[in-house]
Amino acid sequence: MWNKSRLKPYEQVNFFDDNRSSRVPPAGTVARGQDRLNESLYYGTQNGTLVATNPLFAAATPKDKMALLERGQERYQVYCQPCHGLAGYGDGMIVKRGFAKPPSYHQTRIRNVTDGYIFDVITNGYGSMYSYGSRVPPRDRWAIVAYIRALQRSQNAKPGDVPAGVDGSKEKVEPPLEAGEGTHAESGGAEHSAPHAPEAGQAAH
1 MWNKSRLKPY EQVNFFDDNR SSRVPPAGTV ARGQDRLNES LYYGTQNGTL
51 VATNPLFAAA TPKDKMALLE RGQERYQVYC QPCHGLAGYG DGMIVKRGFA
101 KPPSYHQTRI RNVTDGYIFD VITNGYGSMY SYGSRVPPRD RWAIVAYIRA
151 LQRSQNAKPG DVPAGVDGSK EKVEPPLEAG EGTHAESGGA EHSAPHAPEA
201 GQAAH
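The working numbering applies: residue 1 is where the sequence shown begins, and numbers increase by one.
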């Protein structure tokens with residue numbers, strides 16, 4: 001099996017003028033699973049313009065929307081929470097330790113940007129925030145966008161947004177603790193609470 005009639009990576013070979021077995025792919029070569037033909041999904045644009053809505057969320061079933069929000073919450077807590085905080089107010093642990101404070105997701109300006117804009121910032125970075133394009137796959141970026149929209153809805157909701165039949169008197173659930181912190185009460189409630197992933201029909205889209 002090892003001694004096949006093939007070239008190993010970086011093996012020297014006399015067949016080519018440069019003696020390299022590893023060849024440069026022809027122009028236009030696409031790696032398996034990386035076609036990138038869906039512009040809105042992979043780049044957040046349509047004909048070069050940032051898309052208005054999340055392409056994954058818009059086409060999803062209620063069950064898939066819930067799964068997307070849960071995935072977005074999990075990825076948000078890994079990549080975004082350290083700076084942006086549990087509820088998106090820009091009060092994460094890294095900020096408390098002296099890093100530049102990011103804008104709150106709940107500012108009118110941020111609430112009014114398109115989903116494509118948020119996707120683009122995650123992909124390419126902005127200001128002191130570096131790019132997460134190489135760290136977070138496109139589908140996870142859209143999941144984070146969906147969760148950020150849910151955070152915005154949770155902090156700016158109106159009584160009329162609560163679906164009929166939902167009991168609004170549920171006991172408050174405390175958010176997960178940051179590493180090294182005590183209870184939310186002990187910390188003086190310095191960091192805003194984040195909701196659990198909402199019901200699929202409640203996200204703002």
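Glycine is no exception: its CB is placed at the ideal position from the N, C-alpha and C atoms.
Predicted, not measured: the structure shown is a model, and the values here were computed from it.
Quick check on residue i: buried or exposed, where buried means 16 or more other Cβ atoms within 10 Å of its Cβ?
i	result
A100	exposed
G189	Only weak support exists for where G189 lies, its pLDDT of 44 falling under 50; the value from the coordinates is given anyway. That one is exposed.
Q12	exposed
Q46	exposed
D145	Here the sequence assigns Val to residue 145, which means Asp is not the residue at that position. So V145 ends up on the buried side.
D120	buried
L37	exposed
Y10	exposed
G180	The predicted position of G180 is uncertain, since its pLDDT is 48 and thus under 50; a value taken from the coordinates is nonetheless stated next. Answer is exposed; the Cβ neighbour count stays below 16.
Y105	buried
P102	buried
Y126	exposed
A59	exposed
N14	exposed
G87	Checking the sequence shown, residue 87 turns out to be Ala, not Gly. So A87 ends up on the buried side.
Give the single residue among the options whose Cα lies nearest to the Cα of residue i.
i	options	result
L41	Y76, D115 and Q155	D115
N54	V24, I118 and N112	I118
R71	I148, V113, N38 and D91	I148
P137	Q34, G160 and Q81	Q34
P82	E39, I94 and K63	I94
S39	L56, L86 and A150	Ser is not the amino acid found at residue 39; the sequence shown has Glu there. Measuring from the Cα of E39, the nearest candidate turns out to be L56.
N156	A52, F15, Y76 and Q107	Q107
G65	A143, R32, R75 and K4	In the sequence as displayed, the identity of residue 65 is Lys instead of Gly. Minimum Cα distance to K65 is reached at A143.
Y43	P159, H84, R139 and A67	R139
I110	L151, S22 and T61	L151
G98	P26, S128 and L69	S128
R135	R75, G85 and L69	R75
Q77	A67, G92 and G160	G92
Compute the beta-carbon to beta-carbon distance between residue i and residue j, rounded to the nearest angstrom, for a pair I have assumed lies under 8 angstroms.
i	j	result
Y132	Y79	6 angstroms
I122	R141	5 angstroms
K8	S21	7 angstroms
Note the first and the last residue of the continuous alpha helix (DSSP H) segment covering residue i.
i	result
S40	E39 to Y43
C80	First-last for C80: undefined, no H or E at that position.
A58	P55 to A58
R109	T108 to R111
K96	M93 to K96
Can we count residue i as close to the ligand NAD, meaning its CB is less than 8 angstroms from some heavy atom?
i	result
P26	This structure lacks the ligand NAD, and indeed carries no ligand of any kind.
Please go through the segment 118-171 and give each complete beta strand (DSSP E) segment of 3 or more residues, from N-terminal end onward.
-> none
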